[in-house]
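The structure appears right after this line, and notes come after that.
In our numbering, the protein residues as written are 200 to 466.
Right under this line is the structure:
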């Protein structure tokens, strides 16, 4: 990736929100990040947006079937940093929100994406002490709580903490959280691992990106649809699917501790 950064003609060739100088400064950081919080946010955003441009080019240059292309997406950071999503239930601000766009869409950064639109959240700290990592993780837990509260089809949530040059990814399930080993973006192996992760998130099946394929939001009807196997004949292999709808939620998964369980009133 370093070669591409030095050979790029101009950042305008790669769309809005990409600052190569901030990427270079971040990926060459030894110890705590020396710049401002905003500079670090821009560097992380730029790195992710830069990878999205190459993902889009790779999809377009390969002879993929329409079905294969349909399952791809571009993972993009929001335009704003350290902002409060409009559907937040408290005053907490998130550092960087990541959304998914169509693979052939013009790469534009969404303004203040809501929790409903987010696919992942990034919490960044300039330091890399144990306390910085703990604080970042604690804040990430709060963000994922809010994503679960408004995205009722989430099976799991992915989140990132960035402490100086070290990146961790967290897999938040309904009952437990799993963390990766740190990826150090100052090393070639660390950058490669982070790029591979972003590419995999762009090309994997939607169900692997935490979404339940049996549930979908119907905004025009202001409700959700659930597809359930019809086991009325005491057979789980009948292949018959019944559709149910809900807009009333008795209990939502908006709590930090314990097993996350939703209670839905369906018709």
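Note that CB positions come from ideal geometry on N, CA and C, so glycine has one too.
Keep in mind the model is a prediction, meaning the values are calculated, not measured.
> Where DSSP assigns a beta bridge to residue 319, which residues make up the other side?
Replying inline: As a working note, residue 319 is residue 120 in the chain shown. DSSP output for residue 319 lists 297, 357 as bridge partner(s).
> When the Cα atoms are used, what is the spatial distance from residue 225 to residue 279?
Replying inline: Locating residue 225 in the chain shown gives position 26, where the first residue counts as 1. Locating residue 279 in the chain shown gives position 80, where the first residue counts as 1. Going from the Cα of residue 225 to the Cα of residue 279 covers about 19 Å.
>> Beta-carbon within less than 6 Å of residue 444's beta-carbon, same chain only, minus the 5 sequence neighbours each way: which residues are those?
In response: By 1-based counting over the chain shown, the position of residue 444 is 245. 422, 424, 466, listed in sequence order.
> From 373, 392, 385, pick the residue whose C-alpha is nearest to that of residue 379; which is it?
Replying inline: Translated into the one-based positions of the chain shown, residue 379 becomes position 180. Of 373, 392, 385, the residue nearest in Cα terms is 392.
> From the DSSP output, which residues share a beta bridge with residue 441?
Replying inline: Locating residue 441 in the chain shown gives position 242, counting from the first residue. Residue 441 pairs with 427.
> Residues bridged to residue 371 by DSSP?
Replying inline: Position 172 of the chain shown, counted from the start, is the residue given in the question as residue 371. DSSP output for residue 371 lists 356, 376 as bridge partner(s).
> Should residue 348 be labelled buried (16 or more other beta-carbon atoms within 10 Å of its own) or exposed?
Replying inline: What you label residue 348 is simply residue 149 of the chain shown in a count that begins at 1. Buried, since its Cβ has 16 or more Cβ neighbours within 10 Å.
> Mapping DSSP to helix, strand and coil, what is residue 252?
Replying inline: Position 53 of the chain shown holds residue 252. DSSP places residue 252 in helix when its eight states are reduced to three.
> When burial is assigned at 16 or more other CB atoms within 10 Å of the CB, is residue 240 buried or exposed?
Replying inline: In the chain shown, residue 240 corresponds to position 41, counting from 1. So residue 240 ends up on the buried side.
>> Just to confirm the assignment: which complete beta strand (DSSP E) runs, minimum length 3, are found wholly within the region 218-298?
In response: 272-276
> Per DSSP, residue 465 forms a beta bridge with which residues?
Replying inline: Translated into the one-based positions of the chain shown, residue 465 becomes position 266. DSSP lists 445 as partners of residue 465.
> Exposed or buried, which one is residue 418 when buried takes at least 16 other CB atoms within 10 Å?
Replying inline: For the purposes of this step, residue 418 is identified with residue 219 of the chain shown, where counting begins at 1. That one is exposed.
>> Just to confirm my understanding: we take residue 267, look at its own chain, exclude 5 residues before and 5 after, and list those with CB closer than 7 Å. What are they?
In response: As a working note, residue 267 is residue 68 in the chain shown. Same-chain partners within the cutoff: there are none.
> Based on the DSSP secondary-structure assignment, which residues constitute the bridge partners of residue 416?
Replying inline: Stepping through the chain shown from its first residue, residue 416 is reached at position 217. Partner(s): 423.
> Given 8 Å as the limit, is there contact between the region 228-236 and the region 306-322, that is, 3 or more CB pairs closer than that?
Replying inline: no
>> In this structure, how does DSSP classify residue 365 when only helix, strand and coil are distinguished?
In response: Within the chain shown, residue 365 is the residue found at index 166, counting from 1. Residue 365: strand per DSSP, three-state reduction.
>> In the DSSP output, what is residue 410 paired with across the bridge?
In response: Along the chain shown, read from residue 1 onward, the residue named residue 410 stands at position 211. Beta-bridge pairing links residue 410 to 353.
> For the alpha helix (DSSP H) that contains residue 308, what are its first and last residues?
Replying inline: For this step, residue 308 is matched to residue 109 along the chain shown. Residue 308 -> no alpha helix (DSSP H), and no H or E assigned at all.
>> Please state the DSSP three-state secondary structure of residue 404.
In response: Stepping through the chain shown from its first residue, residue 404 is reached at position 205. Looking at residue 404 - three-state DSSP - the assignment turns out to be coil, as it is neither helix nor strand.
> According to the Cβ coordinates, are residue 401 and residue 273 closer than 8 Å?
Replying inline: In the chain shown, counting from the first residue as 1, residue 401 sits at position 202. In the chain shown, counting from the first residue as 1, residue 273 sits at position 74. The answer is yes: Cβ separation under 8 Å.
> Under the DSSP definition of a beta bridge, which residues are partnered with residue 473?
Replying inline: The chain is shown from 200 up to 466; residue 473 falls before or after that span and cannot be answered.
> How long is the line joining the alpha carbons of residue 464 and residue 300, rounded to whole angstroms?
Replying inline: Residue mapping note: residue 464 aligns to position 265 of the chain shown, counting from 1. Residue mapping note: residue 300 aligns to position 101 of the chain shown, counting from 1. Going by the C-alpha atoms only, they are around 31 Å apart.
>> At the level of alpha carbons, what is the spacing between residue 217 and residue 245?
In response: Walking along the chain shown from the start, residue 217 turns up at place 18. Walking along the chain shown from the start, residue 245 turns up at place 46. If you take the alpha carbons of residue 217 and residue 245, they lie about 4 Å apart.
>> Given a cut-off of 8 Å on the beta-carbon distance, is the pair residue 375 and residue 306 in contact?
In response: Working through the chain shown from its first residue, we reach residue 375 at position 176. Working through the chain shown from its first residue, we reach residue 306 at position 107. Cβ atoms of residue 375 and residue 306: not closer than 8 Å.
> Can you find a CB in chain D that lies within less than 8 Å of the CB of residue 438?
Replying inline: Considering every chain present, this structure includes no chain D. It has just one protein chain.
> Can you tell me whether DSSP reads residue 303 as helix, strand or coil?
Replying inline: Taking the chain shown and counting its residues from 1, one reaches residue 303 at position 104. Reduced to three states, the DSSP call for residue 303 is coil.
>> Looking at residue 339: is its Cβ nearer than 8 Å to the Cβ of residue 369?
In response: Start at 1 with the first residue of the chain shown, and residue 339 comes out as number 140. Start at 1 with the first residue of the chain shown, and residue 369 comes out as number 170. Yes, these two residues count as a Cβ contact at 8 Å.
> Would you say residue 335 and residue 232 are within 8 Å of each other, going by their C-beta atoms?
Replying inline: Start at 1 with the first residue of the chain shown, and residue 335 comes out as number 136. Start at 1 with the first residue of the chain shown, and residue 232 comes out as number 33. Result no, Cβ atoms of residue 335 and residue 232 do not sit closer than 8 Å.
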